[in-house]
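Only one structure is covered here, and it is reproduced in the block below.
Residue numbers (my numbering): 5 to 234.
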């Protein structure tokens with residue numbers, strides 16, 4: 005079946021489906037589609053338009069979503085383990101509690117995305133745009149965030165143990181109570197960031213910019229602080 009044609013809905017219409025296992029949906033027009041709980045395992049959705057689509061609880065393991073348009077999509081509790089989302093537009097997407105372990109999100113646009121409690125262990129987020137994203141309580145252990153833009157991001161209580169944040173932009177970010185044990189923040193911009201009560205044990209802050217940062221109660225044991233700007 006040519007799923008792209010079968011699911012190409014007219015403006016204002018909705019699509020309700022359950023099984024789209026390995027479906028070929030490249031470039032499909034699925035704006036506002038009703039896909040809650042759908043099985044989209046390994047589905048081909050490169051360049052698809054899923055603006056404001058309802059994908060709560062959907063099964064998107066290993067799905068191909070490179071360059072997809074997911075502006076405002078509802079993905080709460082969805083399973084995106086290993087999904088390929090390079091260059092995808094996830095502006096204001098709702099991803100609370102979603103599983104994004106090992107997902108490929110290099111260069112993805114996640115401004116103002118809602119990622120509270122999301123699981124991003126080992127996710128590839130190099131060069132991604134997370135400006136203003138809400139990541140409270142998110143699991144970001146060993147996440148690759150080199151060069152990512154996290155200006156004003158909300159990361160209270162997030163777990164960033166051993167995350168790679170070299171050269172990341174964290175100006176004005178709220179990291180109160182976050183765990184950054186063993187993280188690499190070499191050359192990162194943390195100007196005016198809120199690091200009160202943050203765990204920074206064994207962190208690499210070489211040549212990082214901490215000018216104006218709030219550091220009360222932060223734990224810096226064994227941290228590398230060579231060339232830090234305060």
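Beta carbons: idealized from backbone N, C-alpha and C, even for Gly.
For residue 228, write down the residues that DSSP places opposite it in a beta bridge. 208
Is the Cβ-Cβ distance between residue 66 and residue 80 less than 7 Å? no
Count the other CB atoms within 10 Å of the CB of residue 220; is the residue buried (16 or more) or exposed (fewer)? exposed
Straight-line gap, residue 91 to residue 110 (C-alpha atoms, nearest Å): 6 Å
Give the secondary structure of residue 35 by DSSP, where H, G and I count as helix, E and B as strand, and everything else as coil. coil
For residue 6, I'd like the list of residues in its chain whose CB is within less than 8 Å of its CB, leaving aside the five on either flank, ordered along the chain. In this prediction, residue 6 scores a pLDDT of 48, lower than 50, which makes its location untrustworthy; the coordinate-derived value is nonetheless stated afterwards. Contacts found: 28.
Whole angstroms are fine: how far does the CA of residue 121 sit from the CA of residue 218? 24 Å
What alpha helix (DSSP H) runs, 4 residues minimum, are completely inside the stretch 60 to 122? none
I'd like to check one pair, residue 64 with residue 34: are the Cβ atoms closer than 7 Å? no
Out of 196, 94, 96 and 168, point me to the one whose CA is closest to residue 179's CA. 196
Under a Cβ-count criterion, where at least 16 other Cβ atoms within 10 Å of its own Cβ denotes burial, should residue 26 be classed as buried or exposed? exposed
Straight-line CA distance for residue 42 to residue 117? 22 Å
With DSSP collapsed to three states, give me the class of residue 8. With a pLDDT of only 49 at residue 8, under 50, the local geometry of the prediction cannot be trusted, and the value read off the model is given with reservation. In the structure shown, residue 8 sits in a helix (DSSP, three-state: H, G or I).
Which same chain residues, not among the five before or five after residue 51, have their C-beta less than 7 Å away from its C-beta? 30, 31, 71 and 72
Where residue 193 sits in the DSSP three-state scheme: strand
When the Cα atoms are used, what is the spatial distance from residue 133 to residue 86? 19 Å
Straight-line Cα distance separating residue 208 from residue 160: 20 Å
Applying the 10 Å Cβ sphere with the 16-neighbour rule, what's the burial state of residue 23? exposed
Taking Cβ positions, are residue 127 and residue 164 nearer each other than 7 Å? no
Nearest to residue 119 (by Cα), restricted to the options 108, 106 and 136: 136
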